[in-house]
Each structure stands twice: as C-alpha cells, then as structure tokens.
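Chemist: Chains as they are written, first to last, in the working numbering: chain H, 74 to 347; chain B, 14 to 272. Where is the CB? At the ideal position from N, CA and C, for every residue including glycine.
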Amino acid sequence: MNSPKITSLSAAIAANVQSGQSLALEGFTHLIPFAAAHELIRQGLRDLTLIRMTPDLVYDQLIGAGCVRKIIFSWGGNPGVGSLHRFRDAYEQGYPQPLEIEEYSHAAMANAYQAGASGLPFAVLRGFLGTDLARLNPEHIRWVTCPFTGESLAAVRALQPDVTIIHAQQADREGNVRLWGIVGVQKEAALAAQKVVVTVEEIVDKFEGSANDCIIPHWVINNVALVPKGAAPSYAMGYYKRNNAFYLAWDEIARSREGFQQWIAQQILSNPQH
Amino acid sequence: MEYSKDEIMTITAAKMLQNGQVCFVGIGLPSAACNLARLTHAPEIVLIYESGTVDTRPDVLPLSIGDDELAETSRMVVSVPEIFNYWLQAGKIDIGFLGGAQIDKYGNINSTVIGEYHKPKVRLPGAGGAPEIAANARQTLVVMRQSPRSFVDKVDFITSAGYLDGGDARQALGIRGEGPVAIITDLGILKPDPVSKEFVLTHTHPGVTVAEVRAQTGWDLKVAPHLATTESPDAHYLHTLRTLNEKTRLAHSQTAANA
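(1) What number of angstroms, rounded off, separates the C-alpha of B/Ala-270 from the C-alpha of H/Ile-326?
(2) Show which residues of chain B have a CB atom less than 9 Å away from the CB atom of H/Ile-357.
(3) Taking all protein chains shown into account, do 16 or more other C-beta atoms lie within 10 angstroms of the C-beta of H/Asn-310, making it buried, or fewer, making it exposed?
(4) Quick one: what does DSSP say B/Asp-19 is sitting in, helix, strand or coil?
(5) Please check if any C-beta of chain H sits within less than 8 Å of the C-beta of B/Asp-80.
(6) Of all the residues that make up the stretch 62-80 of chain B, which are near chain H by a beta-carbon distance shorter than 8 Å?
(7) Using a Cβ-Cβ cut-off of 8 Å (strictly less than) and excluding sequence neighbours within five positions of B/Ala-143, which residues of its own chain qualify?
(8) Looking only at C-alpha atoms, which of H/Ala-338, H/Gln-166, H/Thr-122 sits nearest to B/Pro-133?
(9) Can you confirm whether B/Asn-149, when its beta carbon is compared against all beta carbons of chain H, has any partner nearer than 8 Å?
(10) How many Å lie between B/Thr-256 and B/Val-194 at the Cα?
(11) What's the gap between the Cα of H/Arg-215 and the Cα of H/Leu-198?
(12) Expressed to the nearest angstrom, what Euclidean distance is found between the alpha-carbon atoms of H/Ala-183 and H/Pro-77?
(13) Going straight from the alpha carbon of H/Arg-251 to that of H/Ile-145, what length do you get?
(14) Please state whether the Cβ-Cβ distance between H/Phe-107 and H/Ser-307 is less than 8 Å.
(15) Pick from B/Thr-53, B/Asp-166, B/Lys-210, B/Gly-139: whose alpha carbon is nearest that of B/Ala-248?
(16) With 7 Å as the C-beta to C-beta threshold (strictly closer), list the residues of the stretch 190-205 of chain H near chain B in chain order.
(17) Does the beta carbon of H/Gly-303 sit closer than 8 Å to a beta carbon anywhere in chain B?
(18) Can you tell me which of B/Glu-57, B/Met-22, B/Glu-20 puts its alpha carbon nearest to the alpha carbon of B/Cys-36?
(19) Write down the C-beta distance between B/Gly-141 and H/His-179 rounded to the nearest angstrom, noting that I regard them as a contact closer than 8 Å.
(20) Would you call the stretch 195-212 of chain B in contact with the stretch 315-335 of chain H, where contact means no fewer than 3 C-beta pairs closer than 8 Å?
(21) For B/Val-90, collect the residues of the same chain with a Cβ closer than 6 Å to its Cβ; drop the 5 residues on either side in sequence, then sort them by chain order.
(22) Within 8 Å of any Cβ in chain B, is that where the Cβ of H/Gln-187 sits?
(23) If you follow the alpha helix (DSSP H) that H/Glu-176 is in, where does it begin and where does it stop?
(24) Can you tell me whether H/Phe-280 is helix, strand or coil according to DSSP?
(25) Sorted by chain position, which residues of the same chain lie with C-beta nearer than 8 Å to H/Ala-88's C-beta, five sequence neighbours on each side aside?
(26) What residues in the stretch 246-259 of chain B bring their beta carbon closer than 9 Å to a beta carbon of chain H?
(27) In whole angstroms, what is the alpha-carbon distance linking H/Gly-332 and H/Asp-162?
(28) List the residues of chain H that B/Ser-17 touches, going by C-beta distances under 9 Å, in chain order.
(29) Which residues bound the beta strand (DSSP E) around B/His-275?
(30) With DSSP as the reference, label B/His-216 as helix, strand or coil.
(31) H/Cys-287 by DSSP, collapsed to three states: which one?
(32) Give the interface partners of H/Met-310 over in chain B, defined as CB-CB distance under 9 Å, in chain order.
(33) Using a 10 Å radius around the Cβ and a threshold of 16 neighbouring Cβ atoms, would you call H/Gly-192 buried or exposed?
(34) Please state the DSSP three-state secondary structure of H/Thr-102.
(35) Would you tell me roughly how many angstroms separate the C-alpha atoms of B/Gly-180 and B/Gly-120, rounded to the nearest one?
(36) Which one of B/Pro-71, B/Gly-41, B/Thr-261, B/Val-155 has the shortest CA to CA distance from B/Gln-205?
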C-alpha cells in the first residue's frame, strides 16, 4: 500500500507549486528533474525565480517557455557544448521576457544551500577574493571578519527555496527517497526548502543499499511521483545513461526562437508523458 | 610524426603534470590534458572533478563535468559542498587546471562576460568552480588557445584571480594558493616573471616564431632571456591522445536524438 504522498506528477506540481515562487530544481549533471520541469511548463507557471547551480538545458527550456522572471545560478552553459541560447536571448534581448540574474560561484551556492539546510541566515567561505563577482554583486556577496582569527571571509545569504524539486532513483512505499552516484547538492537543496517534491525512477518495497546512502526521509517530503526516465536527457545511474547526443542537438534546437517554439509545442505541450 | 596545434598544446599541458599529484580538473582542454597525463607518464595522478568524483579514471573524456563515466570510474563520489569545502577550500589540492574565454598578462581569467557586466556584448556561462579553484589550489595551470581576443592586456571581468595588478597584489589580498604557474597554449608556454608577475613567453612549440606568438597576443608580450623550444610530441603521446579523442567522439554521438 503506497503512502498518500505518492501521487501523479501533475498532482504533485499542482499541489505544491504556484506562480511567483522561488524553485530549486537540483541535480548536478546527474538526476536533473527534466520531467518535472516539463510539467511546470505544461501547467503554465509564471514569474518563477529559479535557483540552480548549473541552469543547463532544463532552465533554458523553462526560460524559453516564458515561465521565469529571475535565475540564481553559478554556471549557465550547455556543458561541453556552448551557450544556453534561450537564457542568453532572455538576458540579452528580453525575449520572451526580461530575465534578472543573481550570480555566484559553485562553492558559494553549495555553501548557501548548506546554510539554508542548517537553518542559518548566511554561509561563510574562503572565496571571491580579487574577483569582479564580489565587486559587482555587493547586494549578495559581502565580507565578514572571523571573530577568532580576524580573517576576512566571504558571506552569502542562505538559499531557502519555496519549493525544491529533485529526481532520485528510488522511493519506498512510505515515500522515503534514496539516491546514489553523483549526489550534488540535492540533499542540501531539499532540506533548505519549505516544500519538497521528488520524482523517482522506481518505487520499491525495501531499499537494498546501506543506511549510509543519500536518503531523504518521507517526513521532509511533500509528494513523490513515479516518473521513469524522469531525468532524461540527463541520466540516472543504474537506470540509463546521459543522452550526450541530445545535449549536442539542443544547441541547434534552441538557437532560434522558432526552432525552440516548435520543439516545445511538439515534445512538451502535446506530450503529457514527459 | 605530423601533429596539430591542439595536439601539441594538450600534450605539452599533460607533461606539466607529475605522477601522484592531486589535480582539480576543469572540463574541456584541461580534462583532455589531465587524462592524457594519467594514460601516459602519470598513472597515479588523482583527478577530481567538481561534481564530486574523486580519483576518476574515465575511458572516454566526459562531455559534462558530471557524466556517468566519471561516477562509474571513480574511487569515491562525494557531495558538491564536500568537494568544495573539505577538499578544495581546506588546501588538499596540488594543482587546479583551468581554461577560460579570456586571460590577461597577470593571469586573471574571465569566463563571465565580454563587455560590460550589466550590458554584455557576449554573456558567457560564468564562474562555476573556477574562482575558488584559482584561489585555493596550491598552484594552477591554465590551458587556452592563443588569439589577440583571448589574450588581452586587461580582462573585461575577473572571474578567477591570477596575480591581479601584478607584483604581490595577490598575496597581499590574502589569497592562499600561489596562483597560475604556467599558461600552455597552442603556440608555446608563458610563465610569470618572478617579481612583476607579468606572463612572459618562455617556450615556443617547434616551428613557431616569436613574431607569430606576439601577433596572437593582445598585450606587448615580453620574451624570456633563455627562450626554449618545447619537445615535439612523440608517437606514444600522439597515439594515446588520438585514441582517447576517437573513443570520446564515438561515445558522445551515441543514444537517441530526442529527450
């Protein structure tokens, strides 16, 4: 018997996400929650603030579809391929709507999630010294003095998304979630959020791994949805490989507004499965 | 044996690495050089990628920083906060290996914007892990193709600190790592002057003239008093690199073209 927390993807998004909220969809190359992002597009969510270390194709799609007002990020490219064309079109040309950015380094965002998960107001790191990121973002990157040594350290505000959405390999029937392989910042992003939605490859009776695996317990998760291949074209270790050919092809699909619109219409809006 | 400019660049960069070093690897050219070193003279080099994969031994070069290939061939996989905090920030990395879009004569790297930050001519992907790799690795190496647009007098934006304005500016600011010790390009090698920290040409690749290198440099490039010529790549390195690139090309073209 499945827990009532285990629902369809569309019900999970409808129950937990509203326009105007801040959302983190995490997964560091691995386990990127593409299917959930596609459902956000189909449900017509607007004015989202999207948080993610590596915006990747998943945020290119959401930005191009007009769902996004602002992104908070630390590396915005198509890994190993080049630019995110929809991201650049929005940021440079204001199409389909102007895009605000808040920019960090990976170390800073990882620490900001960790602070959020720890219930702290800010994170501290040895970083940004001598960089223009700090100089041009005084609102978001500041300096604190260590009370013990006097060292000057960078401070960034904790990230506490309204909703974090992640994809994992497995859930059990109670709604506990287990992931393995590259675990990125999913645990931190989930524990930093007000609400958590997880899509999974498989629902199992009992986890086979060890208690040291990355486990996120059901009581911090709002809904779990079974979505096989929910991370494609990224990958789910143990289930399927990264579709590198699609990452290469995306460069052409997203390069023009028309090409992108056609892809979204055919692959996402008229295809409720993924 | 005939070889391309990219091949001698990658092979020269690989030869800068020593067996047993712990190396934090950027994607692209650095990743190719580090894996070539591992497959040739440095089998015990420890390669760490910012996705959290430690002591990775991929069969093909990863397209992204977190390909399945990296996770499947690594000694351990840790979270992203752990890789940046426990390993990089705490000083457990010997060499940070970086690329970038623009570099200046003091080794500052720009991977953020061409033009003004708020009104960019070209918006680049941004920082990723680079600022803290450049600051906290004991030393850094940089590999980049040389052109007047990419080797500039002053970068439009400092994403990752090199020697800032030169001299002891980097140290004075309290940055812990020593900084970039060499830039390996498709034409030669540049190293910082010990006092001014301005990068000067110390090596040219065989057949490359100083005039050619200067023509591809956006600042008035100085030449070291004892300019040397880098070794021509031998057959073993060339063969290993070509096999790696061919396996990579095949692997990345596989799987369906739809999400």
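Modeler: Reading off the structure:
(1) Unreliable placement is indicated for B/Ala-270, whose pLDDT of 44 sits below 50; no coordinate value is reported for it.
(2) This structure leaves residue 357 of chain H out entirely; chain H is present only between 74 and 347.
(3) Per the sequence shown, the amino acid found at residue 310 of chain H is Met instead of Asn. Counting Cβ neighbours within 10 Å, H/Met-310 comes out buried, since at least 16 surround it.
(4) In the structure shown, B/Asp-19 falls within a helical segment according to DSSP collapsed to helix, strand and coil.
(5) Interface residue (Cβ-Cβ distance to chain H less than 8 Å): B/Asp-80 is classified as such.
(6) Hits within the stretch, in order: Glu-63, Ser-64, Gly-65, Thr-66, Pro-75, Leu-76, Ser-77, Ile-78, Gly-79, Asp-80.
(7) Excluding positions up to five away in sequence, the list reads Gly-39, Leu-111, Gly-113, Ile-122, Ser-124, Thr-172, Ser-173.
(8) Ranking H/Ala-338, H/Gln-166, H/Thr-122 by Cα distance to B/Pro-133 puts H/Gln-166 first.
(9) Using beta-carbon distances, B/Asn-149 counts as an interface residue toward chain H, with a partner under 8 Å.
(10) The alpha-carbon atoms of B/Thr-256 and B/Val-194 are separated by roughly 29 Å.
(11) Approximately 11 Å, taken between the alpha carbons.
(12) Approximately 32 Å between the Cα atoms of the pair.
(13) One C-alpha to the other measures close to 27 Å.
(14) A contact, by the Cβ cut-off of 8 Å.
(15) The residue with the shortest Cα to Cα distance from B/Ala-248 is B/Thr-53.
(16) Cβ contacts with chain B come from Leu-198, Arg-199, Gly-200, Phe-201, Leu-202, Gly-203, Thr-204, Asp-205.
(17) Closer than 8 Å: no.
(18) That would be B/Glu-57, whose Cα lies nearest to the Cα of B/Cys-36.
(19) The pair is a contact, with the Cβ atoms about 5 Å apart (cut-off 8 Å).
(20) No contact exists between the stretch 195-212 of chain B and the stretch 315-335 of chain H.
(21) Sequence-distant Cβ neighbours of B/Val-90 in its own chain, meaning closer than 6 Å and more than five residues away, are Gly-65, Thr-66, Ala-84.
(22) Chain B, which has a Cβ nearer than 8 Å to the Cβ of H/Gln-187, makes this yes.
(23) Taken as a continuous stretch (DSSP letters only), H/Glu-176 belongs to no alpha helix (DSSP H), being part of the beta strand (DSSP E) at 173-176.
(24) In the structure shown, the three-state DSSP call for H/Phe-280 is coil.
(25) The answer, listed in chain order, is Thr-80, Asn-295, Asn-296.
(26) Under the 9 Å Cβ criterion, the stretch 246-259 of chain B contributes no residue.
(27) Near 13 Å, if we compare the C-alpha coordinates of H/Asp-162 and H/Gly-332.
(28) Chain H residues near B/Ser-17: none, gap ~20 Å exceeds 9 Å.
(29) The structure shown does not extend to residue 275 of chain B, since chain B is modelled only from 14 through 272, so no value can be given for it.
(30) Strand at B/His-216.
(31) Collapsing the DSSP output to three states places H/Cys-287 in a strand.
(32) What H/Met-310 touches in chain B: Asp-81, Ala-84, Glu-85.
(33) With fewer than 16 other CB atoms across the displayed protein chains lying within 10 angstroms of its CB, H/Gly-192 is exposed.
(34) In this structure, H/Thr-102 counts as coil in the three-state DSSP scheme.
(35) Approximately 12 Å, taken between the alpha carbons.
(36) At residue 205 of chain B the sequence reads Pro, which differs from the Gln that was named. Looking at B/Pro-71, B/Gly-41, B/Thr-261, B/Val-155, the one whose alpha-carbon comes closest to that of B/Pro-205 is B/Val-155.
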